[in-house]
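J.: Counting with our numbering, you get residues 7 to 190 for the letters of the sequence shown.
Cβ atoms here follow ideal geometry from the backbone N, Cα and C, with glycine treated the same way.
Have a look at this one.
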Amino acid sequence: MAFKVYTKTGDKGQTSLIGGTRLPKQHIRIEAYGTVDELNSWIGLLRDQTIDGRSLKILLEVQDRLFTIGSLLAADPDKNKMKLPEIKEEDIVLLEKEIDVMEETLPEMKSFVLPGGHTTVSYCHLARCVCRRAERAVLRVAENEKVDELVYKYLNRLSDYLFVLSRKLAHDLNAPETPWVARV
């Protein structure tokens with residue numbers, strides 16, 4: 007028998023975590039992994055653009071880590087008995103190394119830049135913003151429940167990576183980078 011997508015168990019506004027705990031769908035834990043899922047979709051859209059092979063490879067790896075984070079957030083830390091993948095310090099180091107490599111070729115930033123200039127760059131900025139929202143949601147979960155600090159550390163570094171990637175993509179695409187000039 008084929009796996010069915012619908013189970014009808016959430017029809018009354020509740021869902022199950024890995025481990026069996028039922029929570030309302032508006033619970034912050036559900037919001038957190040839902041936002042990570044949304045981020046993963048934005049990264050997928052970014053991967054669908056014409057960008058360099060190295061960035062595509064890193065983004066694919068990022069998507070894998072986002073599935074890992076989603077599974078960790080979808081598990082009840084007290085009742086889960088399943089072996090789940092983990093976020094590791096080396097995942098964060100990879101993002102830091104990629105940031106450093108990209109920054110070697112970019113002009114020095116002298117001000118904030120306005121998102122935009124090219125559709126691909128804008129997709130990257132949207133992913134960055136959703137990443138920040140996911141980080142905030144995970145931190146709200148961590149206020150009351152156990153969350154591995156590497157999860158929110160990874161999301162923090164990923165938003166940095168996405169910002170620098172947006173600048174790199176603008177550079178690669180010869181898109182204008184518009185500095186923000188405060189009106190004071």
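Would you report the Cα separation of residue 69 and residue 137, rounded to the nearest angstrom?
T.: In a straight line, the C-alpha of residue 69 is about 12 angstroms away from that of residue 137.
J.: Could you check where the alpha helix (DSSP H) with residue 188 kicks off and where it finishes?
T.: It is not in any alpha helix (DSSP H) - residue 188 carries neither H nor E in the DSSP assignment.
J.: Count the CB pairs spanning the segment 156-164 and the segment 51-63 that are closer than 8 angstroms, and state whether there are at least three.
T.: Short answer: they don't touch.
J.: Please classify residue 99: does DSSP put it in a helix, a strand, or coil?
T.: In the structure shown, residue 99 sits in a helix (DSSP, three-state: H, G or I).
J.: Please state whether DSSP places residue 3 in a helix, a strand or coil.
T.: In the structure displayed, the chain extends from 7 to 190; residue 3 sits before or after that span and is not available.
J.: Hey, how far is the Cα of residue 92 from the Cα of residue 35?
T.: If I take the Cα positions, the gap works out to 18 angstroms.
J.: Over what stretch of residues does the alpha helix (DSSP H) that includes residue 70 continue unbroken?
T.: 59-79 is the extent of the alpha helix (DSSP H) around residue 70.
J.: Does any C-beta atom of chain D lie closer than 8 angstroms to the C-beta of residue 51?
T.: Included in the structure is just one protein chain, with no chain D present.
J.: Let me confirm a value: residue 11 is counted as buried when at least 16 other C-beta atoms fall within 10 Å, else exposed. Which label applies?
T.: Result: exposed.
J.: Using the C-alpha atoms, what's the distance from residue 113 back to residue 142?
T.: Rounded to whole angstroms, residue 142 to residue 113 spans 30 angstroms at the Cα level.
J.: For residue 4, collect the residues of the same chain with a Cβ closer than 7 angstroms to its Cβ; drop the 5 residues on either side in sequence, then sort them by chain order.
T.: Because the chain in this structure spans residues 7 to 190, residue 4 falls outside the shown range and cannot be described.
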